[in-house]
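Residue numbers (my numbering), protein chains in the order written: chain W, 1 to 296; chain F, 1 to 227. Every residue, glycine too, gets a C-beta built ideally from N, C-alpha and C. A quick note: this is a predicted structure, and the numbers were derived from the prediction, not measured. To keep things clear, I will list the structure first and then write my remarks on it.
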Amino acid sequence: MSQASTEIIRISGHAGSVPGAGLNREFQVCKLVDTTTCIGCKACEVACLEWNGYTFSETTFDNTYQTMPETAWNYWNLIKFNEHERADGSMMLLMRKDQCMHCEDPGCLAACPADGAIVQYANGIVDFQEQHCIGCGYCITGCPFNIPKFSPEARKVFKCTLCNDRVSVGLEPACIKACPTGCLHFGTKPEMKELAETRAEQLRNVSGFADAGVYDPPGVSGTHVIYVLHDAKNPELYGGLPKDPHIPYSVRLWKGPLKWLGNFAMIGGLVGLAWHYMRYGPKNEEPIPPDDRRRV
Amino acid sequence: MSTKAISRSTAAGRDEELIPRYSLGERANHWLGSLAYIYLLMTGLAFWSPYLYWMAAVVGGAPTARFWHPWLGLIFTVSLFWMLKQWHGDMRIDDNDRAWAKAMPDYIQNRDDELPPTGRFNFGQKLFFWGMLLSVILLLLSGVVLWYTETLPWSLRYVRYAAILIHASVALVTIGLFLVHVYMSTILEKGSFSAMVHGYVTRAWAWTFHRTWYYEVTSGSRPRPRQ
Chain W
1 MSQASTEIIR
11 ISGHAGSVPG
21 AGLNREFQVC
31 KLVDTTTCIG
41 CKACEVACLE
51 WNGYTFSETT
61 FDNTYQTMPE
71 TAWNYWNLIK
81 FNEHERADGS
91 MMLLMRKDQC
101 MHCEDPGCLA
111 ACPADGAIVQ
121 YANGIVDFQE
131 QHCIGCGYCI
141 TGCPFNIPKF
151 SPEARKVFKC
161 TLCNDRVSVG
171 LEPACIKACP
181 TGCLHFGTKP
191 EMKELAETRA
201 EQLRNVSGFA
211 DAGVYDPPGV
221 SGTHVIYVLH
231 DAKNPELYGG
241 LPKDPHIPYS
251 VRLWKGPLKW
261 LGNFAMIGGL
271 VGLAWHYMRY
281 GPKNEEPIPP
291 DDRRRV
Chain F
1 MSTKAISRST
11 AAGRDEELIP
21 RYSLGERANH
31 WLGSLAYIYL
41 LMTGLAFWSP
51 YLYWMAAVVG
61 GAPTARFWHP
71 WLGLIFTVSL
81 FWMLKQWHGD
91 MRIDDNDRAW
101 AKAMPDYIQN
111 RDDELPPTGR
121 FNFGQKLFFW
131 GMLLSVILLL
141 LSGVVLWYTE
151 TLPWSLRYVR
161 YAAILIHASV
171 ALVTIGLFLV
181 HVYMSTILEK
191 GSFSAMVHGY
201 VTRAWAWTFH
211 RTWYYEVTSG
221 SRPRPRQ
């Protein structure tokens, strides 16, 4: 696992080959967040700040327990709270740890024009390399989870690294270490998927949550952060977790057909103009005929 | 206003006599817009394709390009609106242009004698001008969204999705217009480039390519551009 995080399989805005392309590593890492056992203590928020060297930000009170409305460039891990009234009138306080999902098919990377600013490692971690970031913010447009955040001072974009620096030396992410209830787990994707499914089954069969399930959205080919939800049919209840996240169609269109059409048109235009010159040649001024009636 | 005739050479005939075509202000604005557009084109293409990313390095690196691209976009917009102020009268599309448009294949195939005589600008130039003006409005609107993309709230993300497509598509249209414009005014139509640099054209050039304008300007029925 420690080796795998240096095996790059995708690079943003990159023209050449990729060192780790086609690698088939045995271990893809995964973080499992069991929202059903989260108590909203925010220890993970603090651990994230401490490990990544950020000071605590000013909080924004909006009548919930939430620290701020959404993650920030220097606040990558945020518990989202939602007081939800169920159909039978009972209340539920839903809490979800929001952070980068580390998509298997990352929209940020697809949209990024800067060579090497976003990389995807063979172990599944999608990491921003700020020294290559140009601050265009296209990743913000590409992300279906509202995760990349722009720092106006640095003019660069930041997000959760899944503690790539820790994982690469065989440690768990900082948030995992801090969780007191054990609702956060870290391991290989198959292990975490199995654990999540087991927990979801328990919720369905024992705890009476008929719609409990695992959130590992296929629209982005799965994620390397997965959730267990009491109500997997309504992920939006959990602080706006999208139901069917995918790379925006406009980004797909822009980076796909439009790019080919545009390149074809630009090259075709140049060839066409060269052809025109060879076929018809220059337009030269002609002498004014001596009998030009309006000659002045 | 300068009305003195300047000759290329004393030995040259009357056809070679120079008449003013573009004022100093028109030329200055044209080259301001041109330089801004070339910068926008290079940096924009760098952001368009990894294979053209080196273009940003040529003008100071990609983060620098990201910083200046919007500002140069503003300069380009100002230049085009200044052009609108300078040329809106000459760029008006009239019945003569509609006749010219029908005969455009003759123009493309260099059968210029078949074309109706044109005023200061022909229909192709007018299309280029209005096309660029419309494009720059769309590029400005979508560009502002991309400039401050991080300030848009998540609920307005569809504005970002639209802006990114509009900006790229319209930029491609302007590249098409730009290529044709540069080709025609540098290597295709001899005399056009120096007209935009020095401000003068020969009588023969004016008679050949903008006959109505030639008659107007030589008969004194319209003022000559200030040099």
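Proximal chain F residues relative to residue i, where beta-carbon distance stays under 8 Å
i: P140(W); result: Note that residue 140(W) is Ile in the sequence shown here, rather than Pro. Under the 8 Å cutoff, chain F gives T149, E150 and R160.
i: Y280(W); result: I108, Q109 and N110
i: L273(W); result: L179, V180 and Y183
i: H246(W); result: Chain F residues near H246(W): none, gap ~12 Å exceeds 8 Å.
Residue interval of the alpha helix (DSSP H) (run including residue i)
i: E45(W); result: A43 to N52
i: T212(F); result: R211 to S219
i: H276(W); result: P257 to Y280
i: R199(W); result: K189 to N205
i: V136(F); result: F123 to W147
i: F145(W); result: No alpha helix (DSSP H) holds F145(W); DSSP gives it neither H nor E.
i: V167(W); result: N164 to V167
i: Y107(F); result: M104 to I108
i: I176(W); result: A174 to A178
Neighbour list for residue i in chain W, Cβ cutoff strictly below 7 Å
i: G176(F); result: A265 and G269
i: F47(F); result: P113 and C136
i: T208(F); result: E285 and E286
i: W71(F); result: Correct list: empty, because the minimum Cβ distance to chain W is about 14 Å.
Within chain F, the residues that residue i reaches when beta carbons sit closer than 9 Å
i: Y277(W); result: Y183, I187 and L188
Beta-carbon proximity list for residue i, same chain, < 7 Å, skipping 5 on both sides
i: M192(W); result: C30, L32, H185 and I226
i: G213(W); result: A200, L229 and A232
i: L84(F); result: L133
i: D211(W); result: D231, A232 and K233
i: V296(W); result: Because the pLDDT of V296(W) is 48, which lies under 50, any placement of that residue in the model is unreliable, and the question is left without a value.
i: A12(F); result: Note on A12(F): pLDDT 45, under 50, position unreliable in the model; the coordinate value appears next. Excluding sequence neighbours, A12(F) sits near nothing in its chain.
i: K149(W); result: T71, A72, W73, V157, F158 and K159
i: T60(W); result: M68 and P69
i: P113(W); result: G13, C136 and Y138
i: V159(F); result: V145 and L152
Helix, strand or coil at residue i according to DSSP, with G and I counted as helix
i: G213(W); result: strand
i: Y53(F); result: coil
i: Y249(W); result: helix
i: T67(W); result: coil
i: K97(W); result: strand
i: C136(W); result: coil
i: A12(F); result: Residue placement at A12(F) cannot be trusted, given a pLDDT of 45 that sits under 50; what the coordinates show is reported in the next sentence. DSSP places A12(F) in coil when its eight states are reduced to three.
i: Y39(F); result: helix
i: K85(F); result: helix
i: F193(F); result: helix
i: K308(W); result: Look at the range of chain W in this structure, 1 to 296, and you will see that residue 308(W) is not part of it.
i: L152(F); result: coil
i: C108(W); result: helix
i: A72(W); result: strand
i: P113(W); result: coil
i: A232(W); result: coil
i: D97(F); result: helix
i: G44(F); result: helix
i: I39(W); result: coil
i: G208(W); result: coil
i: W71(F); result: helix
i: P289(W); result: coil
Contacting residues, own chain, Cβ-Cβ under 6 Å from residue i (five flanking each side not counted)
i: C163(W); result: P173 and A174
i: K189(W); result: Q28 and C30
Beta-carbon contacts of residue i that lie in its chain and below 8 Å, excluding the five residues immediately before and after
i: G44(F); result: H69 and A171
i: L177(F); result: F128, G131, M132 and S135
i: P116(F); result: N96, A99, W100 and A103
i: P242(W); result: P144, F145, P217, P235 and E236
Where residue i meets chain F, residues with beta-carbon distance less than 7 Å
i: V220(W); result: None at all; the shortest Cβ gap to chain F is about 16 Å.
i: N82(W); result: Correct list: empty, because the minimum Cβ distance to chain F is about 16 Å.
Bridge partners - residue i, DSSP secondary structure assignment
i: P20(F); result: Y200(F)
i: Q120(W); result: R10(W) and V126(W)
i: H185(W); result: L32(W)
i: N82(W); result: L94(W)
i: F158(W); result: K149(W)
i: C103(W); result: T223(W)
Chain-ordered chain W contacts of residue i [CB-CB under 9 Å]
i: T202(F); result: E285
i: V68(F); result: Inspection of the sequence shows that residue 68(F) is occupied by Trp rather than by Val. Result: empty, since nearest Cβ-Cβ is about 12 Å, beyond 9 Å.
Unbroken beta strand (DSSP E) run spanning residue i, endpoints
i: L172(F); result: It is not in any beta strand (DSSP E) - L172(F) instead sits in the alpha helix (DSSP H) that spans R157 to Y183.
i: I226(W); result: V225 to L229
Under 8 Å by beta carbon: chain W residues contacting residue i
i: L165(F); result: S250, L253, W254 and L258
Heavy atom of the ligand ADP within 7 Å of residue i beta-carbon
i: T37(W); result: Here there are no bound small molecules, and the ligand ADP is not part of this structure.
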